[in-house]
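Chemist: Residue numbers (the working numbering): 3 to 415.
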């Protein structure tokens with residue numbers, strides 16, 4: 003089956019751009035942690051750490067144990083921080099144990115039918131407790147999986163709607179997109195953990211050796227600060243979500259030979275997502291990978307009470323509360339969810355009329371900016387290393403910045 007090599011190439015273009023941006027942020031943080039550790043150990047060996055030397059004068063074993071304890075503590079705080087984030091982000095992503103078995107078998111049959119069209123073995127279908135009518139392709143134990151929410155099992159969707167949603171998720175797996183739900187979250191965990199560790203190690207070097215050494219460490223945090231201020235990573239990740247969903251819809255439409263059914267399913271699930279019994283936190287990493295990204299994850303929402311269906315007991319009408327998005331009064335992420343759905347609907351309408359809707363042309367200027375950013379990071383790391391340890395006129399910047407804190411006169415080198 004022809005999936006559109008040019009379109010896949012464009013998806014790969016944006017995926018590589020996001021990966022370059024991730025490396026641009028993580029590399030200087032990791033290097034900063036390494037450099038801080040080297041600074042501390044070299045200072046101890048050369049007798050240039052006043053803190054270590056003062057403890058050493060009291061008891062040599064105490065100095066070594068105290069230094070080791072501090073390092074162990076700092077290197078333990080970062081994983082604990084990551085673990086805390088993981089637990090927070092996964093608390094709304096859990097397996098549901100109570101559900102209609104017949105409905106589950108119906109969804110499983112739809113999944114198996116779609117996989118048969120691709121000639122692949124069907125992944126495990128898991129029922130998730132996410133409070134929305136949705137599906138999701140994700141990675142679990144290094145293998146792809148498909149999740150259907152317990153709410154979707156209760157929604158009474160037709161066979162064609164189930165097949166459309168399963169085809170979309172299988173398309174993500176066939177194209178290798180499912181790994182992103184884990185890798186993007188992993189990137190955020192890694193950057194947070196490394197950021198905390200870098201901050202702690204920088205503070206330790208400044209206190210235990212000399213505050214002047216921060217001159218060489220601060221530049222390594224600049225790439226992270228630039229991205230945090232501009233939020234470029236967040237925007238690029240959203241763009242990647244959109245492009246992958248467009249391609250997955252196209253592949254799913256070819257699998258089922260029914261783009262109209264997929265379009266109507268998207269519209270129906272979007273409509274169902276407007277009525278909610280719980281709000282998924284915007285920190286939940288699976289949010290952007292749902293079949294329909296919920297429009298209620300952040301920002302103020304409008305509560306409207308309307309007359310519901312006739313009451314079974316009294317024959318009258320009951321009041322129901324509908325929660326829905328207020329344009330212009332919510333965060334941009336909500337607007338992006340709405341806009342992405344409209345793009346997908348337009349794409350499927352065009353496919354239904356026999357027209358291939360091309361994705362956005364790769365922005366070559368964006369590629370140049372990304373590569374320039376990575377080159378700048380490499381240059382910063384090289385300059386910091388060279389400026390710190392390469393001698394100029396017989397002396398290094400390291401020697402000059404630590405001489406005034408030599409504890410023992412004869413120990414400075």
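Positions of the beta carbon are idealized from the N, C-alpha and C atoms, including for glycine.
1. What is the DSSP secondary structure of residue 66, reduced to helix, strand or coil?
2. Measure the C-alpha to C-alpha separation of residue 256 and residue 375 and round it to an integer number of angstroms.
3. Look up residue 140 in the DSSP assignment and give the residues it is bridged to.
4. Over what stretch of residues does the alpha helix (DSSP H) that includes residue 60 continue unbroken?
5. Count the CB pairs spanning the segment 152-163 and the segment 41-51 that are closer than 8 angstroms, and state whether there are at least three.
6. Counting Cβ pairs closer than 8 angstroms, one from the segment 245-265 and one from the segment 172-179, do we hit at least three?
7. Which whole-angstrom value describes the C-beta separation of residue 274 and residue 346, a residue pair presumed to lie in contact below a C-beta threshold of 8 angstroms?
8. In terms of alpha-carbon separation, which member of 340, 150 and 350 lies closest to residue 259?
9. Is DSSP giving residue 129 helix, strand or coil here?
10. State yes or no: is the C-beta of residue 129 within less than 8 angstroms of the C-beta of residue 155?
11. Report back the beta-carbon spacing between residue 291 and residue 139 to the nearest angstrom; my notes put them in contact at under 8 angstroms.
12. What's the call for residue 218, buried or exposed, on a 16-neighbour Cβ count within 10 Å?
13. Are the segment 25-32 and the segment 186-204 touching by the rule of at least three beta carbon pairs closer than 8 angstroms?
14. Just verifying my parser: in three-state terms, what is the DSSP assignment at residue 196?
15. Alpha carbon to alpha carbon, how far is residue 380 from residue 141? Give it in angstroms, no decimals.
16. Helix, strand or coil: which one does DSSP assign to residue 397?
17. Excluding the five sequence neighbours on either side, which residues of its own chain have a C-beta within less than 7 angstroms of the C-beta of residue 403, listed in chain order?
18. Work out the CA separation of residue 271 and residue 261 for me, nearest whole Å.
19. Any idea if residue 322 is buried or exposed, counting beta-carbon neighbours within 10 angstroms, 16 or more meaning buried?
20. Could you check what DSSP says for residue 97 in three-state terms: helix, strand or coil?
21. Taking Cβ to Cβ, would you say residue 83 is nearer than 8 angstroms to residue 194?
22. Taking 8 angstroms as the threshold (C-beta atoms), are residue 135 and residue 114 in contact?
23. To the nearest angstrom, report how far apart residue 168 and residue 267 are at their CA atoms.
24. From 52, 250, 15 and 27, pick the residue whose C-alpha is nearest to that of residue 377; which is it?
25. Residue 292 by DSSP, collapsed to three states: which one?
26. Answer yes or no: do residue 210 and residue 53 have a C-beta to C-beta separation smaller than 8 angstroms?
27. When we look at the beta-carbon of residue 392 and count the other beta-carbons within 10 Å, is it buried (16 or more) or exposed?
28. If you run the structure through DSSP and keep just helix, strand and coil, what is residue 134?
29. For residue 107, I'd like the list of residues in its chain whose CB is within less than 8 angstroms of its CB, leaving aside the five on either flank, ordered along the chain.
30. If you run the structure through DSSP and keep just helix, strand and coil, what is residue 211?
31. Could you tell me which of 386, 390, 24 and 405 sits nearest to residue 191, measuring between CA atoms?
32. Let's see if you can read the secondary structure: which residues bound the alpha helix (DSSP H) around residue 261?
33. In chain order, what residues of the same chain have a beta carbon less than 8 angstroms from the beta carbon of residue 373, not counting five sequence neighbours either side?
34. In whole angstroms, what is the alpha-carbon distance linking residue 371 and residue 222?
35. Taking a contact to mean a Cβ-Cβ separation below 8 angstroms, would you say residue 127 touches residue 148 in this structure?
Modeler: Inspection of the coordinates gives the following:
1. helix
2. 39 angstroms
3. 147
4. 52-60
5. no
6. yes
7. That belief does not hold up - the Cβ atoms of residue 274 and residue 346 are roughly 16 angstroms apart, past 8 angstroms.
8. 350
9. strand
10. yes
11. 7 angstroms
12. buried
13. yes
14. helix
15. 32 angstroms
16. strand
17. 212, 214 and 215
18. 15 angstroms
19. Confidence in residue 322 is poor, its pLDDT being 45 and thus under 50, which makes the residue's placement unreliable; the coordinate value appears in the next sentence. Answer is exposed; the Cβ neighbour count stays below 16.
20. strand
21. yes
22. no
23. 11 angstroms
24. 27
25. strand
26. yes
27. exposed
28. coil
29. none
30. coil
31. 24
32. 261-275
33. 22
34. 19 angstroms
35. yes
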